[in-house]
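Student: I'd like to ask some things about the structure below.
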């Protein structure tokens, strides 16, 4: 039972980390769309890399 609870807790932490990353990604995209942040090719490539990290975490 103890092992199960620890693995469940770790799974929950991983899911929370992914969700926070996706929410941050959405906020950045919204800022780009509304012109709050300047958009460069490097910014877009960095966003793609960040999103990949959160999805594969």
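Numbering (the numbering used here), first residue to last: 1 to 57. C-beta: ideal position from N, C-alpha, C; glycine also.
1) For residue 46, which of 25, 10, 15 has the nearest alpha-carbon?
2) Mind reading off the beta-carbon distance from residue 55 to residue 31? Whole number of angstroms is fine, and I expect it under 8 angstroms.
3) Taking the alpha-carbon positions, what's the residue 52 to residue 35 distance?
4) If you draw a straight line from the alpha carbon of residue 28 to that of residue 12, how long is it in whole angstroms?
Tutor: Inspection of the coordinates gives the following:
1) 25
2) Their Cβ separation, rounded to whole angstroms, is 20 angstroms, which puts residue 55 and residue 31 out of contact at 8 angstroms.
3) 24 angstroms
4) 24 angstroms
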